[in-house]
Every structure is written in structure tokens, then in C-alpha cells.
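What follows is a set of notes on a single structure, which appears directly below.
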Amino acid sequence: KGSTQNDTWIFALAVLLSSTLVYNSIGTIDQTALDKLHFVTELSEHIKTKASSIPGDRNDTSEFVGFFPAFVWTVRDFTLQLEHDGKPISEDDYLEHALELKTGNTEKEQTFNLPRKCIRLFFPTRKCFVLECPTKRKKLPFLEQMEDSELEPEFVEQAKLFCRYVYWTSREKTLPGGHVVTGNLLAKLVKAYVDTISSGNVPCLENEILALAEIENRAAMQEAVACYEQLMEQSVELPTETLQELLDVHKNCEEQAVKKFLARSFKDEKQQFQLELMVGNNKTATFIEDICLFVSEASQLK
Numbered sequence: 001k002g003s004t005q006n007d008t009w010i011f012a013l014a015v016l017l018s019s020t021l022v023y024n025s026i027g028t029i030d031q032t033a034l035d036k037l038h039f040v041t042e043l044s045e046h047i048k049t050k051a052s053s054i055p056g057d058r059n060d061t062s063e064f065v066g067f068f069p070a071f072v073w074t075v076r077d078f079t080l081q082l083e084h085d086g087k088p089i090s091e092d093d094y095l096e097h098a099l100e101l102k103t104g105n106t107e108k109e110q111t112f113n114l115p116r117k118c119i120r121l122f123f124p125t126r127k128c129f130v131l132e133c134p135t136k137r138k139k140l141p142f143l144e145q146m147e148d149s150e151l152e153p154e155f156v157e158q159a160k161l162f163c164r165y166v167y168w169t170s171r172e173k174t175l176p177g178g179h180v181v182t183g184n185l186l187a188k189l190v191k192a193y194v195d196t197i198s199s200g201n202v203p204c205l206e207n208e209i210l211a212l213a214e215i216e217n218r219a220a221m222q223e224a225v226a227c228y229e230q231l232m233e234q235s236v237e238l239p240t241e242t243l244q245e246l247l248d249v250h251k252n253c254e255e256q257a258v259k260k261f262l263a264r265s266f267k268d269e270k271q272q273f274q275l276e277l278m279v280g281n282n283k284t285a286t287f288i289e290d291i292c293l294f295v296s297e298a299s300q301l302k
């Protein structure tokens, strides 16, 4: 069910989940276009970085800006000349001029400046593209069936530049600490954020990431243990000539298992799960003890 509140939550989710956020509008970047982007002025009300933060706390914004996506504003059906004070300007310059603030502190000036301030603050990495109308208006109803060769050449070239930029500059989505968000992690993040919003709460980066890290690190540890046991079973032929030979194989297999754990784990800053993997995992310890005991008994029977 559509509503302004739902639209704001959808925008907040797009910000949380994307590495490049493309916003498109029609015509020009004027006050009307900026007013329609009112969602950006409410982001601090809908996203927290820390559990101790209060929704709307402006001091909190400086931390989550670093994890916000790059912002691309695409203006469709653009009809203006790209110039300022009679001089040619780039599309990026056009956007930056549109985001310039007015001096003064009256209510009118504050209303004018607010969306511009928020865009400049939340999205320090910004890019702009303008696209002319793709074809004559009488042909627009048939746009989906038209080939590129039937479209306006200028539009086709502009669209190619836009696609090339998005494809080549968009980075993998990462979490605080630089951990890459895989498809599996993205699905879990979506569910976590939506569940939080549905319960009437504000998504908190710190809480969601810590909860996700707990799940992922335990799964990473289980994978590492399984990897270790499989490698040991494949590498050891009992009885070995010496106990040292067995220990060398154990060390190599353990190193491979730790690498597998580190490749998936994240936010294990106190190395809680890594330590549990190496010295606290009873299953792994018992596995080694059983092999050593077997080797010892086999040696005595020689």
C-alpha cells in the first residue's frame, strides 16, 4: 500500500543495501525536483548507526555517511542547455550549481537549503547524467518495441555513457570493516532490515551487522571444522612413520581450515570464533586425540 511513509522506508532500504544509488527525475533539477526528493531529509530519522543513537541525531550522520552509496542523479527528457552564466558546463557542474545553498537563515531559506544540505552531507560522492527524450512524443507509446537504431542518436550515446559509468564504477557492497556483501548476506540483510521496520523500530547498522556476524561466523567455523576433518582424512595414512609427521599434516590442515574461516567470517574483532575454532572446539580436539592415540597404539604393536 503506497504512502509517503512507505516511500521513505523504501528509500532508506535502497540507501542501506546499495553501493550506487541511481535517482531519476524528469525535466530539470529545480526546487520542485528537490522537494520530491524529500526522503533524503528524513534519513537520519530512519537509520541509526549505533544502538545508543537517537533517531534524528545529527551527530550520528557523520558515521554512516561512510557506508552510504555513491549517488547518481539522472535527469530524463532534459531540454535545457548545459550552461551557467552563458558558459558551457558539465552535467556534474549542473548538479552542483543546483545544490548551491542560499545565504541567510529565514524560514524560506532554510526550506530551500535543507534538501540540498542533506544531499551534500549524505552523498559526498555525486554524479549527474542528463538524457534527452529518446524519440518523438508520438512514438513514445511504442518505445519498448523500438530498436536502438530508431531512437534519437544523442539519447543512445547519453544512455551508453550512463550505463558505462554505473557498470565500471559501482563497487561491491561492503559492511563496516570492508567485508563484501555476498548474495547470501544481502538476502539476510534485507530480511533483517524489513523485520526491524515491520516491528516499528528504526534499522540500526550496529545491531544488524553484529547479529549477522554471529550467524555468519558460526557458519564459517562449522565450515572450517568440516574442511579440517576432510583434509585430515584425505592426507593421513595410518599408521604414520612418526608422530611428528602426523603433527605436520595436522598443522597444514589447520592452516587451510583457518584460511577458509577467515574468508567468510567478519567482525570477529576479539577473535572469539577463531579461538573457538583453534582451541575450544571439542570436536576438533577429540578428532586429533583419537588419531594420536591410534598412532601410539599402532606403534606399540610393531
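Under UniProt numbering, read the sequence shown as residues 1 to 302, first letter to last. Backbone N, C-alpha and C define an ideal beta-carbon position, used for all residues, glycine too. Only a predicted model underlies this, so the values are computations on that prediction, with no experimental measurement involved.
Looking at the strands, I want to know which residues DSSP matches up with LYS87. The residue labelled residue 87 in the question sits at position 87 within the sequence shown. Bridge partners of LYS87: HIS84.
For SER170, which of TRP9, GLU150, LEU21, ILE10 has the nearest alpha-carbon? Within the sequence shown, the letter at position 170 stands for residue 170. Closest option to SER170, Cα to Cα, is LEU21.
Beta-carbon proximity list for THR125, same chain, < 7 Å, skipping 5 on both sides: Counted from its first residue, the sequence shown places residue 125 at position 125. Around THR125: ALA70, PHE71.
Given GLU147, which residues of its chain have a CB within under 6 Å of its CB, disregarding the five upstream and five downstream residues? Here residue 147 corresponds to residue number 147 of the sequence shown, with the count starting at 1. Taken in chain order, the list of residues that qualify is empty.
So if DSSP puts ALA187 in a beta bridge, which residue, or which two residues, is it bridged to? Taking the sequence shown and counting its residues from 1, the one referred to as residue 187 is at position 187. Per DSSP, none; premise fails for ALA187.
Please state whether DSSP places ASN6 in a helix, a strand or coil. As a first step, residue 6 is located in the sequence shown; it is residue number 6 there, counting from the start. In the structure shown, ASN6 sits in a helix (DSSP, three-state: H, G or I).
Using beta-carbon positions only, say whether LEU34 and PRO115 come within less than 7 Å of one another. Within the sequence shown, the letter at position 34 stands for residue 34. Within the sequence shown, the letter at position 115 stands for residue 115. Contact flag set, yes.
Within the stretch 160-246, note down every full alpha helix (DSSP H) run reaching 4 residues or more, in order along the chain. 183-198, 205-235
Where LEU34 sits in the DSSP three-state scheme: To locate residue 34, count along the sequence shown from 1; it is residue 34. Reduced to three states, the DSSP call for LEU34 is helix.
Start and end residues, beta strand (DSSP E) containing ILE26: Position 26 of the sequence shown, counting from 1, holds the residue named residue 26. Element bounds for ILE26: 20-26.
Could you give the DSSP three-state label for THR74: helix, strand or coil? As a working mapping, residue 74 is identified with position 74 in the sequence shown. The three-state secondary structure of THR74, taken from DSSP, is strand.
Beta-carbon contacts of LYS127 that lie in its chain and below 6 Å, excluding the five residues immediately before and after: As a position in the sequence shown, residue 127 is number 127, starting the count at 1. Result list for LYS127: VAL72, in chain order.
Looking at the unbroken beta strand (DSSP E) that takes in LYS127, where does it start and where does it end? The residue given as residue 127 occupies position 127 in the sequence shown. Per DSSP, LYS127 belongs to the beta strand (DSSP E) from 126-130.
In three-state DSSP terms, what is residue 306? Since the displayed the chain opens at 1 and closes at 302, residue 306 lies outside it and no answer follows.
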